[in-house]
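Student:
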Amino acid sequence: MVKSGKFKCEDFSRENMPVLLLLAQVGHMYKWYVGNLMKDTQMKPGQAGILVILQMMGPMSQRELADRVHITPPSVNVAVQKLEKLGYVRKEQDEKDQRMTKIHLTDSGEKTIENMHDIIQRTEDTLLKNMSTEEKILCRRLLLQMSDNLFQEKAFREMPCKSPFEQ
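642 is the number of the first residue of the sequence shown in my numbering; add one for each residue after it.
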């Protein structure tokens, strides 16, 4: 752990690396690994995340989707266009408010998510390899606590996005 205001080489040994850098490193490695496993789907991990959110929560507007996946509406628009070209989602006018368009998961999108379960399981098995059941439970609890801690910060309260776990 870095104690002073200066970084030194010894600060970056495996035992002393700041949690922030460890999380960034694991996140970067995870994205590469999953991206490599997903090559055949023609999607990026974030696009698969959009499909999962739609499966879990049902049809929603692009704005609602942006809030759930924590990316800007223009980025969601690009992702939705790609998913639409692949036949995984479709846009429909909202029955209650004709001015609003909702993004719906297609049957093809549902099948793709089913295939993603294998990739998710393989990735989780790799990430949690050599951990006991107790360590896996603790890892999940600690990551959820970190997420909760960030969402409780004032900066997050002012963001338009929501926790993906909120209804």
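Beta carbons: idealized from backbone N, C-alpha and C, even for Gly.
Between which two residues does the alpha helix (DSSP H) harbouring Ile816 extend?
Tutor: Nothing about residue 816 can be reported from this structure: the residues present for the chain run from 642 to 808 only.
Student: Kindly provide the ranges of any alpha helix (DSSP H) runs that are 4 or more residues long and lie completely inside the stretch 696-780, ordered along the chain.
Tutor: As far as the stretch 696-780 is concerned, its whole alpha helix (DSSP H) runs of at least 4 residues are 703-710, 714-726 and 748-768.
Student: Ordered along the chain, which non-local residues of its own chain (more than five positions away) have a Cβ less than 6 Å from that of Lys777?
Tutor: Excluding sequence neighbours, Lys777 sits near Leu769.
Student: Taking Val667 as the reference, which of Phe792, His711 and Leu784 has the closest Cα?
Tutor: When only C-alpha atoms are compared, the closest one is Leu784.
Student: Quick check on the DSSP output: the alpha helix (DSSP H) that includes Lys672 runs from which residue to which?
Tutor: From DSSP, the alpha helix (DSSP H) with Lys672 extends over Val660 to Leu678.
Student: Using the three-state DSSP reduction, which class does Arg782 fall into: helix, strand or coil?
Tutor: If DSSP states are grouped into helix, strand and coil, Arg782 belongs with the helices.
Student: With DSSP run on the structure shown, which of helix, strand or coil describes Gln683?
Tutor: Here Gln683 sits in coil by DSSP.
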